[in-house]
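What follows is a single structure, written as structure tokens, with notes after it.
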Amino acid sequence: MHHRHRLQRLARPFCIVSLIMTLGACSSPQRLAYPTVARGEVVDVYHGTVVADPYRALEDLRAPATQEFVRAQNALAQPWLENLPQRERLRTRLTEIWNHERTGVPRAKGGRLFFTRNDGRQNQSILYVLDAADAAPRVLFDPNVASSDATVALARFQPSPDGKTLAYSLSDGGTDWEIWKFRRVVDGVDLVDELRYTKFWEVSWAPDGSGVYYSRYAAKADDPAHGDDHAQPAVYFHKLGEAQRDDRLIYTVRGSRTRTPSADVSEDGRWLFVTLFDGYETNGIDVLDLRDPGATPRTVFGAWDANYSLRGSDGDTLFVQTTNAAPRGRLIAVDVRNPAPSAWRELVPQRDYTLEDSHFVGGRLLLRYVRDAHGIAQVYDRDGRWLADVPVPGLGTLTGFDGSGRDRETFFSFTDYVTPGRVFRLDLSDLTVHPFATPKLAADVTPYVTEQVFATSRDGTRVPLFITHRRDLVKDGTTPTLLYGYGGFNISTTPTFRAPVLAWLEMGGIYVEANLRGGGEYGEAWHRAGTKTQKQNVFDDFIAAAEFLIANRYTQPAKLAISGRSNGGLLVGATLLQRPELFGAALPAVGVLDMLRYHTASSNARQWSSDYGLADNPEDFQALRAYSPVHNVRSGRCYPATLVTTADRDDRVVPWHSYKFAAALQQAQSCDKPVLIRIETRAGHGAGKPLWMQIDDFADQYAFVAHALGMRGF
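The working numbering applies: residue 374 is where the sequence shown begins, and numbers increase by one.
Structure representation (structure tokens):
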């Protein structure tokens, strides 16, 4: 399982007094001597303000100097991390905890069930098919044999409506780019078809299984083997048995250079719906009549005044989840032939809690809500009459409830901080719930309890916190605490099981998740309150959470670490700079850290402007400049011990964000608290990362925090 080439690792940990702060028998601690990184003279002028960008050269990921930066930083970080007293024990314990069966939520097509399963030791989960209720599951695709280091991952899969053909996509080395393949289900043999130049989107099958509708980018002009993600994608139809170059163009976006189309076929096969994405606040939907070969697209939702999500259809009736006149979400019925707002029928009105997802399955409407940052689910009939609440085991996260209008059952999963995902079957005839897969965990979780409390932010906003700790916790302000947050893109942070968190609890720590503005926990108003010129609210909420934990004697600054990924990496980077005295350690992972230039990386990155704004706009620039981590590092300050983590193949949040931030922080650090950057090779933003790589990653991160906070051990 353990692949020693990770991080370009050396054969053995070692100590070089002139380069690293050594541990144990090597030497007494001393200031780190960081790799020298050339500072350039690049400056930009934004609306009359001159902004220096001394590490601009690191944006060229292929440049020899950037490659040397990666090599030198890993040569510094690797032995330092491998010498940490807790690291090997953490690796061992993470391997033990992760060794439990993990089953994905099944999808039903053509009388078959398709689902992923991992026996606990496999680097990648295997795709299985169940041909009948009384049959044994059989392997349909095993990604573990696709590469020697297990870094080729199954990204997505879509069975055809009759369940006879599987469309599945692969990601190689962590990239968001996917290659779609097609496999006969009966014997597991691949067809000759292969689709490239696509990322992020599902394929949608033609009702007769003859092919798929899908979105794709153009090929790069100078590199036809790869897609150009600075271009605008279009929708194509691929007929099985034909070459991709012969695919038929179905839909192109007109009147906008930034909107991204994705296609979905109605269940009866008549309509092709094209959802247009251009940020996280509003969207549009067009439709084509597939029964009319000469049909042109017409608009169903085109006001761009809210979010509209198709959740199912029955003939000409569309079931649509929307934030129109309902910032916490509602469900409406729309006639595709007359989609004027005056003709809409409200099925389920806005509630006091937030509608996160909904589905039309077996003639029922299944609605999944977030209430005070935990999941609940309800069942309604097709006219919006409440039928039942779905029983769930506690305060946790729900996923699933997919299916078609004809299905007689659906599946969902439940998880919380100490419970791995359990899969249940919901019988739609009598609305009873039955276990489908229940994992066994190699750990005793009875000593731990989760409580929900509320901190008060700078402007008086109530901020929910989930705090997980031992039942016998003594609040004396000395317990090492890990505070996690995200706060963006309308994403709700709800209780989820993670093996590293359980290991942290076993080490004697407290784990806390903060539900920050910018997320989706309380609807669109909560989301927008943490975006653009109001983004500082997110950092204030996180700081308020930290101050609550200290004031209520859960911990103290020297024992408090903060963690976040992606947009959460931005959160950690900005917060550690604004209040360095409040934290003992920080873990900004794959973070968006240069807020003035993030949008230059790809057309996908530019879509984040709905949350962040753009430096091209004077008002946005002032807000971005005020918190952008790369631009707010101050020389002469003592920052908390910081381990920046990224991957050299991350093409979602490109690694130069982390390179520039780490270089600036190392140059500015005025005390002996370490600032390291860990750069994974053969990995991307995180999806599809093999188990061995995840274990190494978290062993490094949590050992770093344990050392910084002075934790004694398990």
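Quick reminder that beta carbons are idealized off the backbone N, C-alpha and C, glycines included.
Beta-bridge partners of Thr-854 (DSSP): Ile-883, Leu-933.
The way I'd put it, the region 512-523 doesn't touch the region 804-813; fewer than three beta-carbon pairs between them come closer than 8 angstroms.
DSSP places Ile-1068 inside the alpha helix (DSSP H), whose first and last residues are 1064-1082. Judged by DSSP in its simplified three-state form, Ala-676 adopts coil rather than helix or strand. The continuous alpha helix (DSSP H) containing Pro-437 extends over residues 437-455.
Bounds of the alpha helix (DSSP H) holding Leu-949 are 940-951.
Closest in C-alpha terms to Lys-908, from the list Arg-1022, Ile-499, Ser-983, Asp-549, comes Ser-983. For the options Phe-1087, Asp-1045, Pro-1028, Gln-1042, the alpha carbon positioned closest to that of His-1058 is the one of Pro-1028. Taking C-beta separations shorter than 7 angstroms and ignoring five residues to either side along the sequence, the partners of Phe-862 in its chain run Tyr-653, Asn-940, Asp-984, following chain order. With 16 or more other Cβ atoms from the protein chains shown falling within 10 Å of its own Cβ, Ser-635 counts as buried. In this structure, His-747 lies near Gly-769, with their beta-carbon atoms less than 8 angstroms apart.
Annotation: Pro-793 to Ser-498 spans about 15 angstroms, alpha carbon to alpha carbon. For Asn-491, DSSP records a beta bridge to Arg-475. Look at Ala-506 here: in three-state DSSP terms it is coil, with no helix or strand label. Inter-segment contact for the region 967-976 and the region 872-884 is absent: fewer than three beta-carbon pairs are separated by less than 8 angstroms. Leu-649 sits close to Val-626, with the two beta carbons spaced by under 8 angstroms. For the pair of segments examined, the region 673-682 was found to touch the region 692-702: the number of CB pairs separated by less than 8 angstroms reaches three. Non-local beta-carbon contacts of Val-818 in its own chain, meaning distances under 6 angstroms to residues more than five positions away in sequence, involve Val-791 in chain order.
For Trp-877, the secondary structure class from DSSP, reduced to helix, strand or coil, is helix. Ranked by Cα distance from Asp-762, the options Arg-529, Leu-801, Thr-788 are led by Leu-801. Cβ contact annotation for Arg-1007 (same chain, cutoff 7 angstroms, sequence separation greater than five): Ala-1041, in chain order. Around the CB of Arg-831, fewer than 16 other CB atoms lie within 10 Å, so the residue is classed as exposed. For the options Thr-727, Ala-974, Pro-670, Pro-1002, the alpha carbon positioned closest to that of Pro-961 is the one of Pro-1002. Lys-848 counts as exposed, since fewer than 16 other C-beta atoms from the protein chains shown sit within 10 angstroms of its C-beta. Contact annotation: Asp-563 and Arg-556 have beta-carbon atoms nearer than 8 angstroms. With a contact defined as Cβ atoms closer than 8 angstroms, Ala-528 and Val-585 miss out at about 15 angstroms. Taking all protein chains shown into account, Pro-712 has 16 or more neighbouring C-beta atoms within 10 Å of its C-beta and is therefore buried. Where Ser-1031 is concerned, the enclosing alpha helix (DSSP H) starts and stops at 1029-1041.
Non-local C-beta neighbours of Val-707 in its own chain, meaning closer than 6 angstroms and more than five positions away in sequence, comprise Leu-691, Val-693, Trp-717, ordered along the chain. Apart from the 5 residues on each side of it in sequence, Val-559 sits with its Cβ closer than 8 angstroms to the Cβ of Lys-537 in its chain, given in chain order. Burial state of Trp-759 is exposed, judged by a 10 Å Cβ sphere holding fewer than 16 other Cβ atoms.
Between Trp-644 and the set Leu-1064, Gly-688, Arg-589, the nearest pair of CA atoms involves Gly-688. Closest option to Pro-764, judged by alpha-carbon separation, among Val-752, Leu-457, Tyr-821, Ile-840: Val-752. Contact check for Tyr-419 against Lys-1033 fails: the beta carbons are separated by 8 angstroms or more. Take the alpha-carbon of Gln-723 and the one of Ser-542: they are about 37 angstroms apart.
Taking the CA atoms as reference points, Asp-522 sits about 38 angstroms from Thr-852.
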